[in-house]
Structure formats: C-alpha cells, structure tokens
C-alpha cells in the first residue's frame, strides 16, 4: 500500500521507506529500488527524475540537486503514482488498481472517481479526464511542501 502524506511525501509498500520531500536523489532512488527497478528520465523539467513500475502502478519522482555548500534547498520536490489508461484512447481505468494508494483512509485508485473527488481537500485541483461514468483515477501527485496538488491523467 502507498500512503500519501501531503507536506511530507509518500510511504512506500513493504517497509521500503518513505519518499520525503527534500531527500536526496540517491536516497529516493535507494528507497524505490527496494520495490522495483528504477529508470532515470532524461530531459525532465527538474535536475533529476526517475520512474519505477510496481504491480501495474508507475511511481515517478523528481527533484532539484542540493546547491553546493547549501544547508537546505534542493532534493525531492514531486512524487506521482499513476497507472495505464484503460484503452488506446487514453480513457481512465474502469476498475480498481491491484495496490491501494491511500489518502486519509481512502483508497484513491480503489473507488470510482466521483467518490474520490468528494474526499479530496478543496485545494486539490482535479482533472476530470473524459468523464467516463464509473471511471477511476489514473494518477495522483504531490508537490512538497504544498498540500495535495493534482489528480487525474498523466504527469505534470
């Protein structure tokens, strides 16, 4: 089970650790490598980014390098958990994910989109996708240290 912790990061399954905002690229890659193989992304909008696939979910992390000589700054800035579209049209999935992705006790990928949207905080920006009845979320991401930031399709 993945657990979203707005302002903190993402708890990984199987005691692999927590992706904490501000942690180094090396520490983030190490934690995710406890679950799956990581793939470094080139041309990202951040100094570093990588993905890993775990039981039908894709975990994406990106951040900035800590400036030399700086006591703070840099590190992990964004995490996202997503899954493949239901079909070639890019439609949101039509059923729950194999692995729970939980926010405040609710499995965000285990309940239909309409139920999940009602559970999210008002400051969350929700991408309703194509609005297929009974559709499920395709992705959810967190920016640190801001609160829950976006759900819906694709990465941002």
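Residue numbers (this note's numbering): 511 to 666.
Glycine included, C-beta positions come from ideal geometry on N, C-alpha and C.
As assigned by DSSP and simplified to three states, the class of residue 636: Counting from one through the chain shown, the residue named residue 636 turns up at place 126. Below a pLDDT of 50, predicted positions are generally treated as unreliable, and residue 636, at 49, falls in that range; the measurement from the model is reported next regardless. Assigned with DSSP and collapsed to three states, residue 636 falls in strand.
DSSP-derived helix/strand/coil call for residue 646: Residue mapping note: residue 646 aligns to position 136 of the chain shown, counting from 1. Assigned with DSSP and collapsed to three states, residue 646 falls in coil, not helix or strand.
The segment 620 to 627 / the segment 555 to 569 touching (three or more Cβ pairs under 8 Å): The segment 620 to 627 is not in contact with the segment 555 to 569.
Backbone CA spacing between residue 550 and residue 559 [nearest angstrom]: Numbered from 1 along the chain shown, position 40 holds the residue referred to as residue 550. Numbered from 1 along the chain shown, position 49 holds the residue referred to as residue 559. The straight-line gap from Cα to Cα measures roughly 6 Å.
Chain-order list of residues whose beta-carbon lies under 6 Å from that of residue 528 (same chain, five-residue window excluded): Taking the chain shown and counting its residues from 1, one reaches residue 528 at position 18. Closer than 6 Å at Cβ, skipping near neighbours: 519, 521.
CB contact flag (residue 602, residue 646, <7 Å): As a position in the chain shown, residue 602 is number 92, starting the count at 1. As a position in the chain shown, residue 646 is number 136, starting the count at 1. Yes.
Run of the alpha helix (DSSP H) containing residue 747, from where it starts to where it stops: The displayed coordinates of the chain run from 511 to 666. Any statement about residue 747 would go beyond what the structure contains.
Nearest to residue 575 (by Cα), restricted to the options 600, 538, 548: Your numbering for residue 575 matches position 65 in the chain shown. For the residues 600, 538, 548, the minimum Cα distance to residue 575 belongs to 538.
Nonlocal neighbours in the same chain, by C-beta distance under 6 Å from residue 544, ignoring five residues either side: Sequence index remark: in the chain shown, residue 544 carries index 34 (1-based). Within the same chain, residue 544 has close Cβ partners 526.
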